[in-house]
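A short worksheet on the structure shown next.
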Amino acid sequence: MNVKLLNELRRISPEEEGILAGNGPDADIYTSRRADTVDADKLLERGRLITVRPSTRFAYFPPHRHNYIEVVYMCQGFTHHVVDGDDILLREGEILFLSQKARQELFPAGEEDIAVNFIVLPQFFDEGLRMLGETESPLRAFLLDALQGRGETSYLHFQVADILPIQNLLENLIWSLWNHETNQRAINQISMGLLFLNLVNYSDRIALEASDRGANLQLAVLNYVEDHYVDGKLSDLAAILGYDLFWLSKEIRRLTGRNYTRLIQAKRLQQAAYLLTQTSMRVDEIGMKVGYENQSYFYRLFKKEYGETPRAYRLSHRA
Numbered sequence: 001m002n003v004k005l006l007n008e009l010r011r012i013s014p015e016e017e018g019i020l021a022g023n024g025p026d027a028d029i030y031t032s033r034r035a036d037t038v039d040a041d042k043l044l045e046r047g048r049l050i051t052v053r054p055s056t057r058f059a060y061f062p063p064h065r066h067n068y069i070e071v072v073y074m075c076q077g078f079t080h081h082v083v084d085g086d087d088i089l090l091r092e093g094e095i096l097f098l099s100q101k102a103r104q105e106l107f108p109a110g111e112e113d114i115a116v117n118f119i120v121l122p123q124f125f126d127e128g129l130r131m132l133g134e135t136e137s138p139l140r141a142f143l144l145d146a147l148q149g150r151g152e153t154s155y156l157h158f159q160v161a162d163i164l165p166i167q168n169l170l171e172n173l174i175w176s177l178w179n180h181e182t183n184q185r186a187i188n189q190i191s192m193g194l195l196f197l198n199l200v201n202y203s204d205r206i207a208l209e210a211s212d213r214g215a216n217l218q219l220a221v222l223n224y225v226e227d228h229y230v231d232g233k234l235s236d237l238a239a240i241l242g243y244d245l246f247w248l249s250k251e252i253r254r255l256t257g258r259n260y261t262r263l264i265q266a267k268r269l270q271q272a273a274y275l276l277t278q279t280s281m282r283v284d285e286i287g288m289k290v291g292y293e294n295q296s297y298f299y300r301l302f303k304k305e306y307g308e309t310p311r312a313y314r315l316s317h318r319a
């Protein structure tokens, strides 16, 4: 991380000075109506959908919830969280998404343990969700649950410290929010969308809540689709996971809202759309590459999904 930015985040805040002097955390900074719920109105300026603040060090925070989505990014060192009974050690470069449902407990951090908290109202994620499209992923499901107030999954822990594009995007977001850049909302929403697109590519780096068997199964299915969309069979996946084929088929529909064939189809067409705009491959070559030998069928599916033929899509979406 940029040294100047890290040094600014490292500064001892007035609240932290009070804690070091023997006082506890100032509850008035965080809560208003319920003592165990951190309130977005206390942390966000009126009219804003997102802000960033350094995580308070040196103090223990008992179990609490947030009435917003919190994204914790570990800039340096580590922090110890307990979320819904699960111990989480958040290390440098890792990200922790917490839904409104999550019950978080936070243990004291040292002076060199620098984390930032993104305080985000769910509607800020509208642009990022649009950029993600319809392809199923644990992150997309988490965001949709948050927007709809369902909160099926309490948290997502991304272990992505070694993924440079993700680290760069997070630093850009922190910089923009910290320095109140011009055209901030548009820049930040697009940056968040790019972050989501990168995180989806590393869904295998998610450490899900230990008790959520459904979320873990969903992650396994989506990772398999990501890696085997050209020729992956449901029977092969059932054998790998050790589940009955009929049961797995029903469970996939229950967890994702789509059957296995539709998941494969959505991933194939998403990849085809990418190849149409980013390569000079012929349309028939692209159809074959993503798993369609019957080109008429490929054209028909693509037009149904995107509202235009592959050739028209290439012409209208190429830079």
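In full-length UniProt numbering, the protein residues as written are 1 to 319. Glycine included, each C-beta is placed from N, C-alpha and C at the ideal position. Note that the structure is predicted; figures quoted are calculated from it, not measured.
For Met74, the residue or residues it bridges with in DSSP
Ala115
Starting from Glu15, trace the alpha helix (DSSP H) in both directions and tell me its first and last residue.
14-20
Alpha-carbon spacing of Leu173 relative to Ala161, whole angstroms
16 Å
Going by alpha carbons, who is nearest to His157 out of Leu89, Phe118, Gly128?
Leu89
In three-state terms, what does DSSP make of residue 320?
This structure cannot settle anything about residue 320, because the visible part of the chain is limited to 1 through 319.
DSSP three-state call for Arg282: helix, strand or coil?
Arg282 sits in coil when the DSSP states are folded into three classes, being neither helix nor strand.
Ignoring anything shorter than 4 residues or poking outside the segment 163-195, list the alpha helix (DSSP H) runs there in chain order.
Complete alpha helix (DSSP H) runs here, min 4: 164-179.
Can you tell which of Thr135, Thr309, Thr153 has the C-alpha that lies nearest to the C-alpha of Leu96?
Thr153
Taking DSSP's pairing of strands, which residues face Val120 in a bridge?
DSSP, once it has assigned bridges, lists Ile50, Ile69 as partnering Val120.
Please confirm whether Gln167 and Glu94 have their CB atoms less than 7 Å apart.
No, they are not a contact pair.
What does Tyr87 pair with, by DSSP beta-bridge criteria?
The sequence as given places Asp at residue 87; Tyr does not occur at that position. Answer is Val82.
Mapping DSSP to helix, strand and coil, what is Pro25?
coil
Cα-Cα separation between Glu134 and Asn223, rounded to whole angstroms
Looking at the backbone, the Cα of Glu134 and that of Asn223 are separated by about 16 Å.
Does DSSP classify Glu92 as helix, strand or coil?
coil
Where Leu156 falls: helix, strand or coil (DSSP):
Judged by DSSP in its simplified three-state form, Leu156 adopts strand.
Check this for me: beta carbons of Asn118 and Val200, under 7 Å apart or not?
Going by the sequence as given, residue 118 is Phe instead of Asn. No, Cβ-Cβ distance for Phe118 and Val200 is not below 7 Å.
Go ahead and pull the three-state DSSP assignment for Phe58.
coil
Would you report the Cα separation of Leu219 and Phe107, rounded to the nearest angstrom?
29 Å
Nearest candidate by alpha-carbon position, reference Ala109, set Leu170, His80, Arg103
His80
Counting beta carbon pairs with one atom in the segment 55-62 and one in the segment 121-135, are three or more of them shorter than 8 Å?
no
Would you mind giving the Cβ-Cβ distance between Asp26 and Glu15, rounded to the nearest angstrom? I have them listed as a contact below 8 Å.
6 Å
Terminal residues of the beta strand (DSSP E) in which Gln104 lies
104-106 is the extent of the beta strand (DSSP E) around Gln104.
Reduced DSSP category for Thr256 - H, G, I as helix; E, B as strand; rest coil
helix
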